[in-house]
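**Student:** Structure below; questions to follow.
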Amino acid sequence: MKYAHIGLNVTNLEESIKFYSKLFGVKPVKVKSDYAKYLLEAPGLNFTLNLHDEVSGNQVGHFGIQVESTEELAAHKNRLAENGIISQHDEMNTTCCYALQDKFWVHDPDENEWEFFYTKADVEENSVYTSACCVNSQQQ
Numbered sequence: 000m001k002y003a004h005i006g007l008n009v010t011n012l013e014e015s016i017k018f019y020s021k022l023f024g025v026k027p028v029k030v031k032s033d034y035a036k037y038l039l040e041a042p043g044l045n046f047t048l049n050l051h052d053e054v055s056g057n058q059v060g061h062f063g064i065q066v067e068s069t070e071e072l073a074a075h076k077n078r079l080a081e082n083g084i085i086s087q088h089d090e091m092n093t094t095c096c097y098a099l100q101d102k103f104w105v106h107d108p109d110e111n112e113w114e115f116f117y118t119k120a121d122v123e124e125n126s127v128y129t130s131a132c133c134v135n136s137q138q139q
């Protein structure tokens, strides 16, 4: 396998391209009037934006990018802040999805949630009721 693929429906292609170019740190490899495509090597992802007149609600639980260290997590948070994307909330030393993690969350223009996270260790309990990891963080 070379790439995972996500096709995301968006209502404002221009604003979504601005957001995702900042989020991923690269520009799309293809842009049409109703479509944009990103090909990311790390993580291996074919990510497309598809323009629709209406997108109702968050169609997925959330998207996430797992990093390899707390330093990398901080670097991404700083990079996004420098580009005007501010973390909605942070969760440090949280138990989520049977793992001890540090993470932060951002929202795209259509309110889709992105989690950047570092997994510190596996754990035996899943504390989804105290963390947004496996549920929509807007419910907190």
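Numbers 0 to 139, taken from numbering that gives the first Met the number 0, label the letters of the sequence shown in order. Cβ coordinates follow ideal geometry from the N, Cα and C atoms, glycine included.
Between the stretch 60 to 74 and the stretch 112 to 124, do at least 3 Cβ pairs fall closer than 8 angstroms?
**Tutor:** With the cut-off at 8 angstroms, the stretch 60 to 74 and the stretch 112 to 124 touch.
**Student:** If you run the structure through DSSP and keep just helix, strand and coil, what is threonine 158?
**Tutor:** Any property of residue 158 remains undetermined from this structure, which presents the chain solely from 0 to 139.
**Student:** Quick one: what's leucine 79 bridged to in DSSP?
**Tutor:** Note: leucine 79 sits in no beta bridge, so no partner.
**Student:** Just how far apart, CA to CA, sit histidine 61 and tyrosine 19?
**Tutor:** For histidine 61 and tyrosine 19, the distance between alpha carbons rounds to 15 angstroms.
**Student:** Go ahead and pull the three-state DSSP assignment for leucine 12.
**Tutor:** Three-state DSSP puts leucine 12 in a helix.
**Student:** Classify threonine 94: buried if its beta carbon has 16 or more other beta carbons within 10 angstroms, exposed otherwise.
**Tutor:** The residue in question, threonine 94, is buried, as its Cβ has 16 or more Cβ neighbours within 10 Å.
**Student:** Quick one: is aspartate 89 buried, meaning 16 or more other Cβ sit within 10 Å of its Cβ, or exposed?
**Tutor:** With fewer than 16 Cβ atoms within 10 Å of its Cβ, aspartate 89 is classed as exposed.
**Student:** Which of the three DSSP states is assigned to tyrosine 117 in this structure?
**Tutor:** Reduced to three states, the DSSP call for tyrosine 117 is strand.
**Student:** Measuring only the C-alpha atoms, how far is leucine 12 from alanine 74?
**Tutor:** Between leucine 12 and alanine 74, the C-alpha separation is close to 27 angstroms.
**Student:** Exposed or buried, valine 105, counting other C-beta atoms within 10 Å across all chains shown (16 or more means buried)?
**Tutor:** With 16 or more Cβ atoms within 10 Å of its Cβ, valine 105 is classed as buried.
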